[in-house]
Amino acid sequence: MQDVWIIPRPAGAPAFPIAGNWYGTTLRIYDPTIAAWRISWFDPGRSLFRQQIGRPRGDDIVQEGTTETGELTRWSFTEITGDSFHWLGEVKPAAAADWRLTVDVRAKRRKG
């Protein structure tokens, strides 16, 4: 499964802790040997590449991974319906005790 994200920040809106606009794509491929999804995210505009493993957790989907610098990443998709979801992106630096919220997106399908 592939999705494409093109998210220009609305004029005048404050930036997320991770700056600016997002232009990227995600590939999700189910791997039956681990009973999970292997996820690759590419954002060429910011030279970002992330790999995660995704699994259901109750009614949610949680994707977890580690960056090349050793930070842990966790992307949680909650409140999932046929037309919307809530996405929380978190990072935990290797030496930190707590997770830090970096992305909070409420996505809704456009109609028409």
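The sequence shown begins at 1 in the working numbering and counts up by one.
Using N, Cα and C, we set each Cβ at its ideal position, and we do this for glycine too.
Subject >> Helix, strand or coil at GLY89 according to DSSP, with G and I counted as helix >> reply: strand
Original post:
Which ranges does the beta strand (DSSP E) cover as unbroken runs of at least 3 residues, wholly within the region 22–64, from first to last along the chain?
Top reply: Counting whole runs of 3 or more residues, the region 22–64 contains the beta strand (DSSP E) stretches 22–31, 36–43, 48–57.
Original post:
For TRP99, which of helix, strand or coil comes out of DSSP?
Top reply: coil
Original post:
Which residues bound the beta strand (DSSP E) around ARG74?
Top reply: Residue range 72–78 is occupied by the beta strand (DSSP E) that includes ARG74.
Original post:
DSSP state of ARG106, grouped into three classes?
Top reply: Reduced to three states, the DSSP call for ARG106 is strand.
Original post:
Which residue's Cα is closest to the Cα of ARG38: GLY70, GLY45, ARG28?
Top reply: ARG28
**OP:** Output yes if chain C places a C-beta closer than 8 Å to the C-beta of PHE85; else output no.
**Re:** The structure shown contains no chain C; it is built from a single protein chain.
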